[in-house]
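Right, one structure below, let's go through it.
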Amino acid sequence: LPSIIVAAVMANDPNLTQVVLDNKRQIGNNDGGEALWEALSTNNHVQLLSLRNSNITDDQMAALALALNENTSISRLSLQSNMFTSEGVEYLIVCLVCNSTIDVVDLEGNSPIDPRILDELCGILQSRGVPNHSNKLELLLERIRGNDPNLTQLDLRGMGIGQEDNDAIMDALAGNAYLRKVDLSDNMIDDDGVSALSLALADNTSITHMCLAENRITSIGAEYLLCALDTNDTIVDVDLAGNSIDAGVMDELNHALKQRRTVDGY
């Protein structure tokens with residue numbers, strides 16, 4: 278577990294508002310998360326806690342819930358693809374009785390969880406005026422499909438978007454004429470998802486900035502984007518940080534985009 282992050286949480290660093298410890302499997306091993314839970318209990322600056330694919334068990338969920346009873350800043354929890362069951366979710370539900378700050382919880386990819394328990398969790402979160410993941414995404418898709426002129430920036434960071442959601446989003450983007458900035462970072466978008474995006478960009482004439490950082494994209498996906506630039510002359514910035522892309526392919530893409538920014542005055 279990165280000690281520098283735990284130390285910053287413990288020190289209540291006001292600049293640390295997002296703690297992303299995805300794929301840190303040692304957190305779920307024995308007492309691997311104990312120091313983190315203790316640090317979070319007294320922190321009042323962290324707003325996002327992401328522990329995706331980190332071996333979090335029911336016992337770890339119990340310890341996390343106790344920490345969250347004391348925490349008053351975290352509003353968003355990403356706990357996808359861990360190892361807890363319905364029991365772990367029940368610990369979280371009990372925590373929400375005391376904690377009124379958390380309003381977004383993503384549990385996708387865990388062991389089958391009792392639908393009644395999930396419904397109870399969703400009911401608590403919805404009572405706080407925040408739609409659950411599916412409802413939030415569908416509401417945004419309706420606005421995109423409807424060409425809402427007031428929706429010029431789309432923020433879908435850390436929503437666990439995979440292939441099914443990705444296809445729906447790309448279909449909607451293709452016909453939209455008002456969106457300029459789209460943030461799909463920290464999701465599960467792979468090369469197939471970028472292929473669908475490239476097709477959407479062939480039709481879209483408004484998007485200028487696209488953030489795809491921290492996904493599952495390789496050089497193949499980056500090459501799809503390069504091909505999309507042949508038919509799309511609107512995109513001037515693409516962020517692919519945190520993906521597994523060959524330096525040569527990234528250099529080619531960045532060079533093509535830099536030329537556009539120079540010509541367009543960005």
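Residue numbers (the working numbering): 278 to 543. Glycine included, C-beta positions come from ideal geometry on N, C-alpha and C. Predicted model, so just to flag it, every value in this text is computed and none were measured.
| Item | Value |
| --- | --- |
| Range covered by the beta strand (DSSP E) that runs through Arg575 | Here the chain covers residues 278 to 543 and nothing more, so residue 575 does not appear. |
| Nearest-angstrom Cα separation, counted from Ala454 out to Gln430 | 12 Å |
| Local conformation of Met487 per DSSP, three classes | strand |
| For Gln430, the first and last residue of its enclosing beta strand (DSSP E) | Gln430 to Asp432 |
| Delimiting residues of the beta strand (DSSP E) encompassing Leu328 | Careful: Leu328 lies outside any beta strand (DSSP E) and carries neither H nor E. |
| Close Cβ partners of Asn320 (< 6 Å) along its chain, the five nearest in sequence each way excluded | Val286 and Asn289 |
| 9 Å Cβ cutoff met for Arg302 and Asn332 | yes |
| Residue closest to Glu415, alpha-carbon to alpha-carbon, out of Gly386, Glu441, Leu489 and Asp391 | Glu441 |
| For Lys413, the nearest candidate out of Asn427, Ile438 and Pro389 (CA to CA) | Ile438 |
| N- and C-terminal bounds of the beta strand (DSSP E) containing Gln295 | Gln295 to Val297 |
| Rounded straight-line distance, which links the Cα of Val459 to that of Met527 | 20 Å |
| Rounded separation between Ser280 and Gly310 - CA only | 11 Å |
| For Leu398, the nearest candidate out of Leu343, Glu364 and Leu418 (CA to CA) | Glu364 |
| Cβ pair count under 8 Å reaching 3, the stretch 484–502 against the stretch 513–525 | yes |
| Residue closest to Leu369, alpha-carbon to alpha-carbon, out of Ile401, Ser358 and Ser388 | Ile401 |
| With 16 other Cβ atoms within 10 Å as the buried cut-off, status of Val366 | buried |
| Where Thr319 sits in the DSSP three-state scheme | coil |
| With 16 other Cβ atoms within 10 Å as the buried cut-off, status of Val296 | buried |
| CB contact check: Ala316 to chain D, cutoff 9 Å | This model lacks chain D altogether, as it is built from one protein chain only. |
| CB contact flag (Ala479, Thr508, <9 Å) | yes |
| Assigned secondary structure, Thr495 (DSSP; H/G/I helix, E/B strand, else coil) | strand |
| Through-space distance from Ile484 to Ala340, alpha-carbon basis | 43 Å |
| Secondary structure of Ser521, DSSP reduced to three states | strand |
| Rounded separation between Asn359 and Ser388 - CA only | 8 Å |
| Residues of its chain near Glu385, where Cβ-Cβ distance is below 7 Å and the 5 sequence neighbours each way are ignored | Gln357 and Gly437 |
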